[in-house]
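Numbering (our numbering), first residue to last: 227 to 477.
All C-beta atoms, glycine included, are put in the ideal place defined by N, C-alpha and C.
Predicted model only: the values in this text are computed from it and were never measured.
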């Protein structure tokens, strides 16, 4: 109820109002993960301390973008952007957490594609999270958005089910098992280019290249079925995608 609190709340609301469709809330979060102030008052008092993005920001004192986060509403998915608040001596005092409608990533992908020159035949690019392997955005197959490449019985999906965030029916509808891709992306530090089945093209083998985006839970993947490869340069393509995404979110 203090004047300082009113000023902070007004500032957070002004930031949220810049993109009311995409931004669910702005929050001021303590070092312990407690939501102290929020543009959505119902969120005040909630605890972020168990969220992976919170642990990353605390450990590294750097901003972080989360993977797809499911909510109790089956049609509602969010992502978190968290940035540390530091003292003059660079000691972390807390963080600002922005909750976005996850659909913003597909909108960014679409805008990026409109700005790019024509791509190679059947070339595709997607953004995937590195924990639950949910597709966050896709250049050609929007029906894959929010699908996961994990098997339905994967412990990570079982954990989401135990939390009440997925039903058995949900598991069957969102799981498109791609074990080869999951294995390669799980080992991305050692393998950044590989061949694997393409869900975009009836599991035809594709030449694929991937790169992790720093300070996030995201991997950018670019591929093209082997049968249509002409002169595609995957490294150039993935760098173009990476630069576009970084400029959009971190500039």
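Assumed close pair residue i, residue j - CB separation to whole angstroms, cut-off 8 Å
i           : j           : result
residue 375 : residue 364 : The Cβ separation is near 12 Å, so there is no contact.
residue 291 : residue 443 : 7 Å
residue 419 : residue 434 : 7 Å
residue 295 : residue 304 : 5 Å
residue 438 : residue 414 : 6 Å
residue 507 : residue 318 : Not covered by the structure: residue 507. The range shown for the chain is 227 to 477.
Close Cβ partners of residue i (< 6 Å) along its chain, the five nearest in sequence each way excluded
i           : result
residue 359 : 374, 375, 376, 408
residue 367 : 426
residue 356 : 443, 445
residue 238 : Legend: pLDDT at residue 238 = 48, less than 50; position of this residue unreliable, no value from coordinates given.
Residues near residue i in its chain [Cβ-Cβ closer than 8 Å; skip 5 each side]
i           : result
residue 299 : none
residue 288 : 282, 310, 441
Cβ-based neighbour list, residue i, same chain, cut-off 7 Å, excluding 5 preceding and 5 following
i           : result
residue 323 : 253, 255, 274, 306, 308
residue 378 : 397, 398, 401
residue 371 : 332, 361, 363, 364
Spatially closest choice to residue i from the options, by CA coordinates
i           : options            : result
residue 403 : 429, 389, 268      : 429
residue 316 : 286, 250, 410      : 286
residue 436 : 321, 411, 394, 329 : 411
Through-space distance from residue j to residue i, alpha-carbon basis
i           : j           : result
residue 445 : residue 354 : 5 Å
residue 479 : residue 454 : The question about residue 479 has no answer, for the chain in this structure spans 227 to 477.
residue 326 : residue 248 : 6 Å
residue 416 : residue 268 : 44 Å
residue 405 : residue 277 : 26 Å
residue 334 : residue 394 : 31 Å
residue 260 : residue 280 : 11 Å
C-beta neighbour in chain D for residue i, strict 8 Å
i           : result
residue 326 : The chain inventory of the structure shown lacks chain D, comprising one protein chain alone.
ask   = Can you list the alpha helix (DSSP H) stretches of 4 or more residues lying completely in the segment 299–385, in chain order?
value = 330–341
request  = Would you mind listing the beta strand (DSSP E) stretches within the segment 385–465 that are 3+ residues and don't spill past its ends, in chain order?
outcome  = 419–424, 430–438, 444–451
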